[in-house]
Ligand SMILES: Nc1ncnc2c1ncn2[C@@H]1O[C@H](COP(=O)(O)OP(=O)(O)OP(=O)(O)O)[C@@H](O)[C@H]1O
Ligand SMILES: [Mg+2]
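Numbering (this note's numbering), first residue to last: 185 to 431.
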């Protein structure tokens, strides 16, 4: 169940209420989010669309505890994150959120295996346990045979799949993806999307993804549009397809 009118019940995994985010630039306030509501249940795959500057990244950053709202609340699995101290929030983020960005953000001097192992170095897992987790997720993303390659020895699509492996290795509550296919060709984008779909269908992950690409958004179960600071449901994006692919 995905709702944008604030009517979701206690069963929502993610519950956002009356969220405002105002930045100030040169003394001028910029109201980005204005009274935004959102409910997402476990196992949902939601795509966020909207024009550049509409606040999509701002929303993901708030949901992932990377930024704090001006007003309103965000509750995830019963924890209200909007009032946590920054050290508590850091701990919460490590436990609950897997981030996947447009730029892969892999560490170039580490192999695929070492990049994926990184988040686990902060846990109490033994080396053998870490190895088991890393090998499992690298095989989920189809890169078991590339684990000792460095990022520069991988294609863009493979790098993004390593990023996904790194995001899921600590078994987070949900995944936040900001234009995960933005830098990929159509075929690699399709592979990344197939993988995200599989994570939802087979591994019951909850995925919230920002995209500009209507074909990518169509792979999610629900598409929400960010307009004038709030989310709007069920908008057709045939107009965007016509505008983008017209010439
Ligand atoms: N740290 C900041 N300080 C001031 N203004 C900011 C800051 N971060 C974002 N903004 C402004 O907030 C608005 C929303 O930005 P945001 O990055 O969320 O948009 P977006 O929908 O992700 O856009 P895009 O599709 O281009 O990535 C923009 O007007 C942006 O200039
Ligand atoms: Mg953005």
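The beta carbon of each residue, even a glycine, is placed where N, CA and C say it ideally should be.
At which residues does the beta strand (DSSP E) containing residue i begin and terminate?
i	result
residue 231	229-233
residue 417	414-417
residue 257	255-260
residue 185	Here residue 185 belongs to no beta strand (DSSP E), and DSSP marks it neither H nor E.
residue 394	391-394
residue 411	406-411
residue 226	Unbroken run through residue 226: none, as it is neither H nor E.
residue 281	281-284
Does the Cβ-Cβ distance between residue i and residue j come in under 7 Å?
i	j	result
residue 304	residue 314	yes
residue 229	residue 404	yes
residue 299	residue 309	no
residue 219	residue 410	no
residue 335	residue 282	no
residue 297	residue 318	yes
residue 196	residue 223	yes
residue 288	residue 347	yes
residue 204	residue 254	yes
residue 286	residue 367	yes
residue 415	residue 188	yes
residue 186	residue 407	no
Start and end of the alpha helix (DSSP H) containing residue i?
i	result
residue 205	First-last for residue 205: 198-209, but that is the beta strand (DSSP E), not the alpha helix (DSSP H).
residue 295	First-last for residue 295: undefined, no H or E at that position.
residue 242	240-247
residue 381	370-385
residue 335	Element bounds for residue 335: n/a, residue is neither H nor E.
residue 398	398-401
residue 359	Here residue 359 belongs to no alpha helix (DSSP H); instead the beta strand (DSSP E) covers 358-362.
residue 322	311-324
residue 432	The structure shown does not extend to residue 432, since the chain is modelled only from 185 to 431, so the question has no answer here.
Could you give the C-beta distance for residue i and residue j, rounded to a whole number, given that I count them as a contact under 8 Å?
i	j	result
residue 391	residue 341	With a Cβ gap of about 18 Å, residue 391 and residue 341 do not count as contacting.
residue 273	residue 243	Not a contact, Cβ separation roughly 17 Å.
residue 331	residue 307	That belief does not hold up - the Cβ atoms of residue 331 and residue 307 are roughly 19 Å apart, past 8 Å.
residue 226	residue 388	7 Å
Following a CB-centred definition, is residue i positioned closer than 6 Å to any heavy atom of ligand 3?
i	result
residue 237	This structure simply doesn't include ligand 3; it includes ligand 1 and ligand 2 instead.
- Query: Do the segment 397-410 and the segment 229-238 meet, that is, are 3 or more Cβ pairs less than 8 Å apart?
  - Reply: By the Cβ rule, the segment 397-410 counts as touching the segment 229-238, because three or more pairs are nearer than 8 Å.
- Message: Across the segment 357-367 and the segment 264-271, are there enough close Cβ pairs to call them in contact, namely three or more that are closer than 8 Å?
- Response: Counting Cβ pairs under 8 Å, fewer than three are found: no touch.
- Query: How about the segment 193-209 and the segment 372-389: do they share at least three Cβ pairs that are nearer than 8 Å?
  - Reply: Result no; under three Cβ-Cβ pairs closer than 8 Å.
- Task: Under 7 Å from any heavy atom of ligand 2, by CB: list those residues in chain order, please.
- Result: These are the residues, in chain order, with a beta carbon less than 7 Å from any non-hydrogen atom of ligand 2: 240, 241, 362, 363, 394.
- Inspect the CB distances between the segment 310-330 and the segment 242-258 and report whether three or more fall short of 8 Å. At 8 Å Cβ cutoff, the stretches do not touch.
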